Amino acid sequence: MRPGAKSNFIPIVLYFALGGLLFFLDSSGFLQPLHDFAQIFTVPVESRLFEGRKATLGKLGKFENLGVDKDKKIQELEEKNASLSSKIAQIDSLQTENEHMRNLLGSSLPGTWSFTPAKLVSVEVDNLNILIRAGDVMGKPAIWVEKPESGKTNYGIFLGHVRKVLGQKAEILLPTSSSSKITVNVKDKDSGQKQAMGIAEGRGGRMVLGQVLTGETLKSGDLVVTAGDENIPPDLLVGYIDKILGVEKGTFAQSEIQRPVEYEKLGEVFIVIKF
């Protein structure tokens, strides 16, 4: 063996010999006092390291849950917002209904009449589509009442008859329909006195007053109101005399009838259940 190799071999032998000696002493219990003495210093350090690790993991867990908590909070706020929006819409609807009911009470309609409210959904050329709540409304007349004005006769406005019902949906045939013919009276716009009588005929989107005797007076702006028959209450406003068309067939006069209201602007109407 070369001298250099021998010098390298000696530390290895000493390392294994020392290791074997320490193993023998430890397994025999000779090093236990040394272990006990070392634990006086190592146990507190290990305990602090463990607590520090636990605290760190707890904080990291909070950060991990932060995103989940945030999404949950957003969902809760969105649900509350939707609920509030629904309640606000209900309140607005009730306020509108109450306003219309006050208009109804302040009108010139007889107190013996009974009504049920209906909400306007859409307007076609000669039809109003409405939502009804309950009750038998088929064939019943429909009206609208404007805000009462002091010193003015507050007529109910005739909108036609309910001609179709499907569940909570119903359809009102307007007086402008070509199948509508209504017996009417013409009243002076100032005095309210009856001036003439005739038939209000629908012409598809418009109305014409016909069968008025030539001896009777028609003036622009005069009121055209229902004469009242088996199916239509009296004194409901159909419209106003607009343009005088002249004599029809040598005996009867004619005129255009102006609508009393823009149907598209109506929000809630009333079905006359009893009159």
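Going by this note's numbering, the residue at position 88 of the sequence shown is 71; the numbering climbs one at a time, nothing skipped. Beta carbons: idealized from backbone N, C-alpha and C, even for Gly. The structure displayed is predicted, hence computed values, not measured ones.
Comparing alpha carbon positions, the residue from Glu245, Leu201, Pro216 closest to Ala236 is Leu201. The region 195 to 213 makes contact with the region 166 to 182, as at least three CB pairs between them are under 8 Å.
Residues of the same chain with a CB within less than 6 Å of the CB of Asp218, apart from the 5 flanking positions on each side, are Val208 in chain order. At the C-beta level, Ala179 and Val195 come within 8 Å of one another. Per DSSP, reduced to three states, the secondary structure at Glu247 is helical. Within its own chain, the residues whose Cβ lies closer than 8 Å to the Cβ of Arg116, once the five positions on either side in sequence are excluded, are Thr99, Pro100, Ala101, Gln151, listed in chain order. Glu107 and Phe253 have their C-alpha atoms spaced approximately 18 Å apart. Secondary structure note for Trp127: its beta strand (DSSP E) is the uninterrupted segment 124 to 128. The continuous beta strand (DSSP E) containing Glu184 extends over residues 177 to 185. Within the DSSP bridge table, the entry for Tyr223 names Leu206, Gln241 as partners. Straight-line measurement puts the Cα of Lys53 at about 54 Å from the Cα of Leu142.
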